[in-house]
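Chains as they are written, first to last, in my numbering: chain E, 607 to 816; chain V, 9 to 274. Glycine included, each C-beta is placed from N, C-alpha and C at the ideal position. All values derive from a computational prediction rather than experimental measurement. Below is one structure; the comments refer to it alone.
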Amino acid sequence: MTDFNAMTEALVACDAVKLTDLVNSALAADVPAGDILNNGLIAGMDIVGEKMESGDMFIPEVLMAAQAMGACVEILKPHLGEDGAAAGASVIIGTVKGDLHDIGKNLVAMMMESAGLTVHNLGVDIAPENFVEEIKAKSAKVVCLSALLTTTMPAMKQTVDAIVEAGLRDEVKILVGGAPVTQAFADEIGADGFAADAGSASKLAKKLAA
Amino acid sequence: MFEVIGERINTSRKLVQAAVADRDADYIIDDVKKQQDAGATYIDVNAGARIGHEEEDMKWLLDTIQPIATVPLTLDSPDPAILEMAFAMVEKTPMINSISLEKERFDAMMPFLDGKDCKVIALCMDDAGMPSSSDDILGRAKTLVAELNKIGIGTANIYVDPLVQPISTDSSKGVMVLDAVRAIKAEFPEVHITGGLSNISYGLPQRHIINRTFVTLMMDAGMDSAIIDPLDSKIMASIRTADMLLGHDQFCMNYLKGTRDGSIVS
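In structure tokens, the structure reads:
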């Protein structure tokens with residue numbers, strides 16, 4: 607019986623050396639790579655996300671944990687069969703048109719990747735029609751819109767409207783976030799959800815994609 | 009002397025938005041007076057958050073603030089039409105917040121600024137996004153100064169904002185902006201350096217101590233203005249103390265005045 611708790615603890619402690627040892631030992635003991643990924647690494651990052659949400663862990667620690675996880679995913683990759691590597695739900699994320707801020711959006715993308723979702727990070731200054739195209743191209747289950755400025759918040763509504771007009775509203779869940787964005791604004795423009803930080807955004811995306 | 013641009017009159021702040029929506033002049037007047045008493049040398053006025061109401065909100069705010077303003081105003085909007093209206097309403101030479109190298113913003117702001125007597129905040133932002141190195145910041149600052157000089161805005165009226173970025177996502181972001189400020193001041197001794205500071209502490213706990221430690225480092229590098237909340241007495245005390253330590257306070261008079269009126273305590 608593999609002790610996945612030790613892995614999640616090492617991840618939460620941002621201890622890359624210990625985590626790598628545990629992953630290598632588990633592989634040597636013939637634990638399936640997919641189990642290590644899901645029950646060790648992704649489960650650990652879920653805890654990291656929760657601790658971020660509750661203010662018990664901070665961005666530099668989350669980055670360290672994600673880096674440690676990334677190194678272990680590289681170790682697992684050659685061992686992940688088609689089944690074990692079954693991709694998580696497709697998520698699209700981008701900063702809306704007119705807005706060039708990407709730090710928060712990239713953190714959210716990183717947390718979602720760590721949570722096992724398949725994240726397509728479109729970048730900044732993404733026009734509504736580009737979001738629509740990518741939703742189709744990537745068969746996205748969730749689309750995440752970021753805006754850091756009050757002046758670019760209207761572009762979030764335009765993007766939601768474009769998704770409705772394209773007839774995709776029932777196929778995709780829409781999440782919004784960014785410093786000036788609130789739950790009230792999310793409700794007003796017809797989004798499905800709002801998250802205040804990367805940890806809760808990732809949790810919410812997983813829930814909505816399920 | 010360090011110039012403090014008081015940031016509180018901004019409709020993205022909940023209480024200000026409520027006061028503006030209710031046309032509660034007393035609230036606004038009281039807030040502006042408090043900022044002035046605390047040492048603000050400019051009062052920033054931003055009416056952008058109530059989407060669709062910016063023009064009427066800006067007009068009402070200026071009508072309300074102008075009669076009691078003892079310092080110049082910083083007119084804060086991306087819309088040249090709003091700024092044109094605001095510019096005509098103020099008595100003292102205002103500061104404009106802001107121009108950047110983002111094409112749309114730049115093209116909209118240049119005709120407005122052309123030939124105007126004003127100060128202007130110049131953001132080191134372009135269509136590629138946030139700057140990625142101190143050289144990148146310096147390059148953007150040079151372009152902004154050159155372009156603004158061409159339309160008659162002297163270097164001493166330009167307030168370059170090098171764009172402080174969170175140290176939580178990259179430990180080198182503090183040094184990056186400090187180096188950039190030194191390089192900009194070496195290139196243009198007359199230019200001012202301003203900006204918000206709180207981005208530095210994004211994503212970290214106990215943010216205020218980071219912000220007020222950082223401002224003193226930035227001041228040593230050449231920052232001589234900041235967009236902050238003047239009612240944050242601890243950062244104001246740090247600024248005045250650093251101003252003295254950097255030789256900008258003859259006979260330490262401002263520092264001593266602060267200790268006597270209680271605004272500077274150990």
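Length of the line joining the Cα atoms of residue i and residue j
i         : j         : result
Ala-785/E : Asp-627/E : 39 Å
Ala-154/V : Ser-752/E : 33 Å
Met-93/V  : Ile-51/V  : 17 Å
Thr-78/V  : Val-778/E : 54 Å
Thr-267/V : Val-273/V : 6 Å
Ala-245/V : Leu-205/V : 15 Å
Met-261/V : Phe-10/V  : 14 Å
Leu-774/E : Ala-57/V  : 30 Å
Lys-41/V  : Tyr-263/V : 22 Å
Ser-271/V : Thr-788/E : 35 Å
Ile-201/V : Ala-229/V : 10 Å
Gly-203/V : Pro-174/V : 14 Å
Asp-144/V : Lys-22/V  : 35 Å
Ser-241/V : Ile-208/V : 19 Å
Glu-195/V : Leu-146/V : 9 Å
Asp-793/E : Leu-755/E : 18 Å
Leu-70/V  : Gly-255/V : 36 Å
Lys-809/E : Gly-650/E : 13 Å
Residue environment, residue i, which counts as buried when at least 16 other CB atoms sit within 10 Å
i         : result
Ser-660/E : exposed
Leu-682/E : buried
Ala-691/E : Because the pLDDT at Ala-691/E is just 48, under 50, the model does not fix this residue reliably, and the point stays unresolved.
Glu-739/E : exposed
Ile-192/V : buried
Met-761/E : Strictly speaking, residue 761/E in this sequence is Ala, with Met absent from that position. Per the 10 Å Cβ criterion, buried.
Glu-62/V  : buried
Ile-59/V  : exposed
Gly-783/E : buried
Ala-639/E : buried
Leu-781/E : buried
Ser-180/V : exposed
Glu-15/V  : buried
Ser-141/V : exposed
Asp-257/V : buried
Gly-799/E : buried
Residue i, DSSP secondary structure in three states
i         : result
Thr-701/E : strand
Lys-124/V : coil
Ala-671/E : helix
Met-138/V : coil
His-256/V : coil
Phe-610/E : helix
Ala-743/E : helix
Asp-39/V  : helix
Gly-690/E : Low confidence applies here, because Gly-690/E scores a pLDDT of 46, under 50, leaving its location unreliable and the question unanswered by this model.
Cys-678/E : helix
Phe-800/E : strand
Ala-816/E : coil
Leu-592/E : Since the displayed chain E opens at 607 and closes at 816, residue 592/E lies outside it and no answer follows.
Met-718/E : helix
Glu-735/E : helix
Arg-16/V  : strand
Leu-781/E : strand
Gly-106/V : Strictly speaking, residue 106/V in this sequence is Ser, with Gly absent from that position. If DSSP states are grouped into helix, strand and coil, Ser-106/V belongs with the strands.
Ile-166/V : strand
Ala-790/E : helix
Asp-143/V : helix
Met-133/V : strand
Test item: CB-CB of residue i and residue j under 9 Å
i         : j         : result
Ser-696/E : Lys-747/E : yes
Leu-239/V : Gln-43/V  : yes
Thr-713/E : Thr-249/V : According to the sequence displayed, residue 713/E carries Leu and not Thr. Not in contact: Leu-713/E and Thr-249/V (Cβ atoms no closer than 9 Å).
Thr-765/E : Gly-704/E : no
Gly-694/E : Leu-728/E : no
His-726/E : Gly-137/V : no
Pro-80/V  : Met-117/V : no
Ala-677/E : Ser-720/E : no
Ala-55/V  : Met-66/V  : yes
Met-613/E : Leu-647/E : yes
Ile-159/V : Cys-126/V : no
Ala-674/E : Cys-620/E : yes
Ile-17/V  : Ile-36/V  : yes
Gly-710/E : Val-730/E : no
Gly-211/V : Ile-665/E : yes
Lys-812/E : Met-663/E : no
Ala-234/V : Ile-247/V : yes
Given 8 Å as the limit, is there contact between the region 101–120 of chain V and the region 130–147 of chain V, that is, 3 or more CB pairs closer than that?
yes
For the 8 Å Cβ check, are there 3 or more pairs between the region 184–202 of chain V and the region 217–230 of chain V?
Touching, yes, given that three or more Cβ pairs across the two stretches are closer than 8 Å.
Chain C contacts from the region 196–215 of chain V (Cβ-Cβ distance under 7 Å):
Protein chains E and V are contained in the structure displayed, whereas chain C is not.
Determine contact between the region 32–42 of chain V and the region 798–806 of chain E, defined as no fewer than three beta-carbon pairs at a distance below 8 Å.
The answer is no - the region 798–806 of chain E does not touch the region 32–42 of chain V, with fewer than three Cβ pairs under 8 Å.
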